[in-house]
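Remarks on the structure that follows.
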Amino acid sequence: MEFDEIIRRRRMVRNYLDAPVDDEALARILDRASRGPSAGFSQGVSFVVVTDETTRHEIARLAGEDQYVSRGFDPWISRAPVHVMICVRKGAYFERYREADKDGELGPRGNEDGWPIPYWWVDSGASMMLLLLAAVDEGLASGFLGAHNMGAIEELLGIPNEVSPIGIVTIGHPAPDQRSGSLARGRRSDTVRHGRWDAKVED
Numbered sequence: 032m033e034f035d036e037i038i039r040r041r042r043m044v045r046n047y048l049d050a051p052v053d054d055e056a057l058a059r060i061l062d063r064a065s066r067g068p069s070a071g072f073s074q075g076v077s078f079v080v081v082t083d084e085t086t087r088h089e090i091a092r093l094a095g096e097d098q099y100v101s102r103g104f105d106p107w108i109s110r111a112p113v114h115v116m117i118c119v120r121k122g123a124y125f126e127r128y129r130e131a132d133k134d135g136e137l138g139p140r141g142n143e144d145g146w147p148i149p150y151w152w153v154d155s156g157a158s159m160m161l162l163l164l165a166a167v168d169e170g171l172a173s174g175f176l177g178a179h180n181m182g183a184i185e186e187l188l189g190i191p192n193e194v195s196p197i198g199i200v201t202i203g204h205p206a207p208d209q210r211s212g213s214l215a216r217g218r219r220s221d222t223v224r225h226g227r228w229d230a231k232v233e234d
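The following block contains the structure:
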């Protein structure tokens, strides 16, 4: 599939067919997602892949799917045959930047001081986008779940305290779904500015 078509097809899908995702296709998606940018090649981003039906349904329960469905939406979390929890260990960045070829003794000392931009979040977002695009390239669909009850899901999946979950990407074969009402806002016309922030934005 051409890259431009992948970009245009990518959207958050919140309903899936009752059909499994091919193991080889899933392996390719995860391989592509693991190739995102990594500050200092710290490699702090990781994934927990969940395909077990019982665990997926428990994630859906913990994420409040019942309340979501009660508002007229599809039970998309429990229906998705694959859940990928995106995680990051920011300590990997502190450790990497204390190494001699980076900042060495002058580098960050195990906390966020001295990091004007927390690049672990940047890398996590890049990995998420690669997951979403790779799913489209495989003829699949995906969505992103930022659960409010993340602590309980962390415990369910055995994620250690030093690792932060970002959210869950659901992957599967798309089914007709109810589009988000937020799309009615339309696309902004002032996204791109050339040269300076106060430059005239072309329509």
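Numbering (our numbering), first residue to last: 32 to 234.
Just so it is clear, CB atoms sit at the ideal spot from N, CA and C, and this is done for glycine as well.
The structure presented is a predicted model; accordingly, all values stated were derived computationally and were not measured.
Practice task
Return the first residue and the last residue of the beta strand (DSSP E) that T201 is part of.
Solution key: Against the sequence shown, residue 201 aligns to sequence position 170. Element bounds for T201: S195 to G203.
Practice task
Within 10 angstroms of the Cβ of T201, are there 16 or more other Cβ atoms? Answer buried if so, exposed if not.
Solution key: Sequence index remark: in the sequence shown, residue 201 carries index 170 (1-based). Buried, by the Cβ-count rule.
Problem - One or two residues paired with L176 in a DSSP bridge - result: Sequence index remark: in the sequence shown, residue 176 carries index 145 (1-based). I199.
Practice task
Could you tell me which of L163, V100 and M116 sits nearest to G177, measuring between CA atoms?
Solution key: Stepping through the sequence shown from its first residue, residue 177 is reached at position 146. Residue M116 is the option with its Cα nearest to G177.
Exercise for the section: May I ask whether a heavy atom of the ligand NAP can be found less than 7 Å away from the beta carbon of D154? Expected result: With respect to small molecules bound, the structure shown includes none, and the ligand NAP cannot be examined in it.
Problem - Delimiting residues of the alpha helix (DSSP H) encompassing V100 - result: Mapped onto the sequence shown, residue 100 falls at position 69. From DSSP, the alpha helix (DSSP H) with V100 extends over E96 to S101.
Handout entry: V81 - DSSP class collapsed to helix/strand/coil
Key = Stepping through the sequence shown from its first residue, residue 81 is reached at position 50. Here V81 sits in strand by DSSP.
Problem - M181 - DSSP class collapsed to helix/strand/coil - result: Your numbering for residue 181 matches position 150 in the sequence shown. Residue state, collapsed to three classes: helix.
Exercise for the section: Give the straight-line distance between the Cα atoms of I60 and F78, rounded to the nearest whole angstrom. Expected result: On the sequence shown, position 29 is the one that residue 60 refers to. On the sequence shown, position 47 is the one that residue 78 refers to. Cα-Cα distance, rounded: 12 Å.
Practice task
Leaving out five residues on either side along the sequence, give the residues of the same chain with a beta carbon under 6 Å from the beta carbon of A157.
Solution key: Position 126 of the sequence shown holds residue 157. Correct list, in chain order: G67 and P68.
Practice task
State the Cα-Cα distance for the pair I90 and H225, rounded to the nearest angstrom.
Solution key: Position 59 of the sequence shown, counting from 1, holds the residue named residue 90. Position 194 of the sequence shown, counting from 1, holds the residue named residue 225. Using only the alpha carbons, I get a separation of about 44 Å.
Practice task
Taking only the alpha-carbon atoms, compute the straight-line gap between P149 and R129 and give it to the nearest angstrom.
Solution key: What you label residue 149 is simply residue 118 of the sequence shown in a count that begins at 1. What you label residue 129 is simply residue 98 of the sequence shown in a count that begins at 1. Between P149 and R129, the C-alpha separation is close to 15 Å.
Problem - Minimum C-alpha distance to A165 - residue among M43, F104 and R63 - result: Locating residue 165 in the sequence shown gives position 134, counting from the first residue. Measuring from the Cα of A165, the nearest candidate turns out to be R63.
Problem - Span separating the alpha-carbon of R87 from that of E193 - result: Locating residue 87 in the sequence shown gives position 56, counting from the first residue. Locating residue 193 in the sequence shown gives position 162, counting from the first residue. Cα to Cα, R87 sits roughly 23 Å from E193.
Problem - Extent of the continuous beta strand (DSSP E) to which M116 belongs - result: Walking along the sequence shown from the start, residue 116 turns up at place 85. Counting along the chain, the beta strand (DSSP E) containing M116 begins and ends at V113 to V119.
Handout entry: Closest residue to F72 among Y124, S109 and P191 (Cα-Cα distance)
Key = By 1-based counting over the sequence shown, the position of residue 72 is 41. Taking only the C-alpha atoms, the option nearest F72 is Y124.
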